[in-house]
Amino acid sequence: MSPLLIYTPQNGIYLKELLDGMATLLTESTFSTACDIIMILSVGMVGYQFVMGKKLESLTRFMLTTFLVMYCVLGIKVPVAIIDMQTAEGAGEALTVDHVPLGVALPASLISGMGYGITTAFSDVFHMPDSLEYNKTGMIFGARTWLAATQTRLSMSPDLAQDLSSFIRQCVFTAKLLASHQLSPQELTQSAHLSKTYFEEPSPIYRVILHNGVNLSCGDAAANLKTRLPIAAKLELERLNHLVTTGALTSRNTDSSSLPGEKTFGDRLQAAHKYYMNITEDAAETLTQNILINATRDAAADAFAFSGADAALMNYTNTDSTQKMHIAEANSFWLAGFRLPYYMTVMWMLTLCIFPLVVLISFFPTLSNAYFLWVQSQIYLWSWPPMFIIFHWFVSMASSTTITLFGQKTGGVTFSNIDSLASMHSNFAYTAGALAASVPVIALYITKGLGQILSTSSQHFGGMAQSLSVSEAQSAAAGNISMASYSGWNMNYENTSANNVSANKHDTNWTNMHGMHTEQLGSGVLKTTTSHGDAVFDVNPGMSRGPIHISDTKALSGSLNQAFEESRQAAANESQHYQTSLSSFAHSAVQLSKMQGHDMRLGDGVSESESGQYSQA
1 MSPLLIYTPQ NGIYLKELLD GMATLLTEST FSTACDIIMI LSVGMVGYQF
51 VMGKKLESLT RFMLTTFLVM YCVLGIKVPV AIIDMQTAEG AGEALTVDHV
101 PLGVALPASL ISGMGYGITT AFSDVFHMPD SLEYNKTGMI FGARTWLAAT
151 QTRLSMSPDL AQDLSSFIRQ CVFTAKLLAS HQLSPQELTQ SAHLSKTYFE
201 EPSPIYRVIL HNGVNLSCGD AAANLKTRLP IAAKLELERL NHLVTTGALT
251 SRNTDSSSLP GEKTFGDRLQ AAHKYYMNIT EDAAETLTQN ILINATRDAA
301 ADAFAFSGAD AALMNYTNTD STQKMHIAEA NSFWLAGFRL PYYMTVMWML
351 TLCIFPLVVL ISFFPTLSNA YFLWVQSQIY LWSWPPMFII FHWFVSMASS
401 TTITLFGQKT GGVTFSNIDS LASMHSNFAY TAGALAASVP VIALYITKGL
451 GQILSTSSQH FGGMAQSLSV SEAQSAAAGN ISMASYSGWN MNYENTSANN
501 VSANKHDTNW TNMHGMHTEQ LGSGVLKTTT SHGDAVFDVN PGMSRGPIHI
551 SDTKALSGSL NQAFEESRQA AANESQHYQT SLSSFAHSAV QLSKMQGHDM
601 RLGDGVSESE SGQYSQA
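In UniProt numbering, the protein residues as written are 1 to 617.
Have a look at this one:
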């Protein structure tokens, strides 16, 4: 039996591992036990429905569900072959899985096949250059290639970068621009071939010192750099290939005839420039031009730092800050162009992973069958790529038209327009990213009508634009304008503080009293001359002051106050003692008592006694 083809946007090897694990799990006794438990629960549910009056309906649904799940969805096993859309590799022994249940293999094959076919059809209808197709590179890859190329520097050849900067400073700026006027600023900024401008007809007088200390004439240095620059450009092509593409081999075949990584990126770079600017140069020439432009910027920054030309350095930093600001705005494009296709792949693989759970839930005889909902989720996910293609084509067509007209007026990629071109690509890429970010939401409502979702999207984009405009308008009206966090005269260049000098400090908070003039003499005394010519002297500034200050008046006043307080306290104490003694005497007098008694008895004898008591407390 021929295998069923299953397409995946990327990560075909991971999908193979997933299907292998699923096929193994479905043959385990654990899954069989789970099916038995679910069958018991479903029989109980059917019995409940039968008692509640839904006799024929419940029995029919239970029998059909059990038959379809047990003998069709799980019972039939087929082999599948996985096709990775990104590399167009697969359908071989390495990406073939046997004994996959028909319930997961057939829907995955049909839905992914239709998704791949629709995506390919949209790619053919909304045609792009071969190296810019969405199936190979992702959304608006031409803009991503362009931006990567315009930011190219000699990062892989630091010695060459240093030598080239020294050569441009000494043999181009000083010799050709300032000394001999062999080259004008207009010719430099409008040059579409900086290699010819820099290396042809070098100055025979000026010399330059390279990084290894060798002192060469400008002619010898030009010959040296001219031979080293193509090698460095090749290294940069290899680096950009690993950064921007998915690997060193991205062609359809894996044999020895495959294109190397830097040639693949070079073809895409050449296709992007031809599509967007109608430039037919090869990738090496394009990249060399961009390297020389960025090297000139670095050399100009070095020259500005050496000469202290603050205005020129501000010009450079403003341009560079503006460019970085526009490229930062393309972060949403990166998120949509790189991550959304990956998210779609991961979520589709996740739906395949939960197939065993879907099968178990499908045994329940409910109106909303879980298996059909599972199939609908796959259809939802595979509606993303065609919409990516449409947004890709719309934005790329608009950017191609705009940038081609701009390039025809400015004569190709030059030093003066490379920032504007990169900024345009960033803006279009940001637009594409913002549109692509709405694909998951639009795909959800594609069967329910687009009116509500498009209205919500328009309100979102309109509100975002209005909020940004109002914010910038308020900042401009209040005079609070910040351009790329640049502080006017306190400049930092490559983590080094330069031209940060504080001198001639003036205090503008001053007081002017007409009619009098005060000057300080050599002794420190202040002499004030009135309007009538009289002189008034203030000797306080001319008197020495020690660290100890004695104030007699304050000391005497404090001593008298202390004596008065002590005397008053003593008098109050004596008065209190007198009152206490008087009160004690009165209390003792009241307690004084005297007791006397007489006792007389008549009888055989006469007796008389007398007693007395006196007490005092």
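Backbone N, C-alpha and C define an ideal beta-carbon position, used for all residues, glycine too. Here the structure is a predicted model, which is why all the values come from computation and not from measurement.
* Going by other Cβ atoms of all chains shown within 10 Å of its Cβ, with 16 needed for buried, is P158 buried or exposed? -> exposed
* Hey, could you find the ends of the alpha helix (DSSP H) I13 is sitting in? => G12 to L26
* **Stretch pair the segment 23-35 + the segment 105-119: three plus CB contacts closer than 8 Å** => no
* Asked: Can you give the beta carbon distance from L225 to F167, rounded, assuming they're within the 8 Å contact cut?
  -> 6 Å
* CA nearest to the CA of Q86, picked from P9, V80, V43 and K77 -> P9
* To do: Specify, as a first and last residue, the run of the beta strand (DSSP E) that V80 falls within.
  => K77 to D84
* To do: Give the range of the beta strand (DSSP E) segment to which L381 is assigned.
  => Element bounds for L381: not the beta strand (DSSP E) but the alpha helix (DSSP H), A370 to L381.
* **Strand pairing of K527, partner residues [DSSP]** => E519 and F537
* Per DSSP, which residues does L216 bridge with? Please list them. => V208
* Asked: CA-CA distance, L582 and Q562?
  -> 31 Å
* Residue(s) in a DSSP beta bridge with P202 -> Answer is none; P202 lacks a bridge partner.
* Per DSSP, cross-strand counterpart(s) of P101 -> K77
* Asked: How many angstroms separate the CA atom of L183 from the CA atom of L235?
  -> 30 Å
* To do: With a threshold of 16 other CB atoms inside 10 Å of the CB of G103, please say whether the residue is buried or exposed.
  => buried
* Does the beta-carbon of R339 have 16 or more other beta-carbons within 10 angstroms, so that it is buried, or is it exposed? -> exposed
* Asked: Can you check whether the CB of D84 is closer than 9 Å to the CB of A23?
  -> no
* **Pair within 9 Å by beta-carbon distance, F50 and S42** => no
* Would you mind reading off the limits of the beta strand (DSSP E) that contains L5? => L4 to T8
* Give me the Cα-Cα distance between A223 and R207, rounded to the nearest whole angstrom. => 13 Å
* Taking the alpha-carbon positions, what's the Y371 to F364 distance? -> 11 Å
* Asked: Per DSSP, T96 is paired with what?
  -> A81
* Is the beta carbon of L95 sitting closer than 9 Å to the one on L164? -> no
* To do: Reducing DSSP to helix, strand and coil, say where S567 ends up.
  => helix
* Tell me where the alpha helix (DSSP H) around F31 begins and ends. => S29 to V51
* Same chain, Cβ closer than 6 Å to S2, five either side skipped, listed in chain order -> none
* By a C-beta neighbour count over all protein chains shown, 10 Å radius and 16 as the cutoff for buried, is A311 buried or exposed? -> The predicted model places A311 with a pLDDT of 46, which falls under 50 and marks its position as unreliable, so this point remains unresolved.
* Asked: Using CA coordinates, which residue listed in M45, I40, A105 and T60 is at the minimum distance from C72?
  -> A105
* Enclosing alpha helix (DSSP H) for S166 [first to last residue] -> P158 to F167
* Return the residue from the list S191, E201, L210 and T60 that minimises the CA-CA distance to residue 635. => Since the first residue of the chain shown is 1 and the last is 617, residue 635 is not available in this structure.
* Which of helix, strand or coil does DSSP assign to S112? -> helix
* By how many angstroms is the C-alpha of M349 removed from the C-alpha of I13? -> 12 Å
* Which whole-angstrom value is the C-beta distance of C218 and S203, which I expect to be below 8 Å? -> 5 Å
* Secondary structure of M70, DSSP reduced to three states -> helix
* Asked: Under 9 Å, do P385 and P356 count as touching if we go by C-beta distance?
  -> no
* Asked: In three-state DSSP terms, what is H193?
  -> coil
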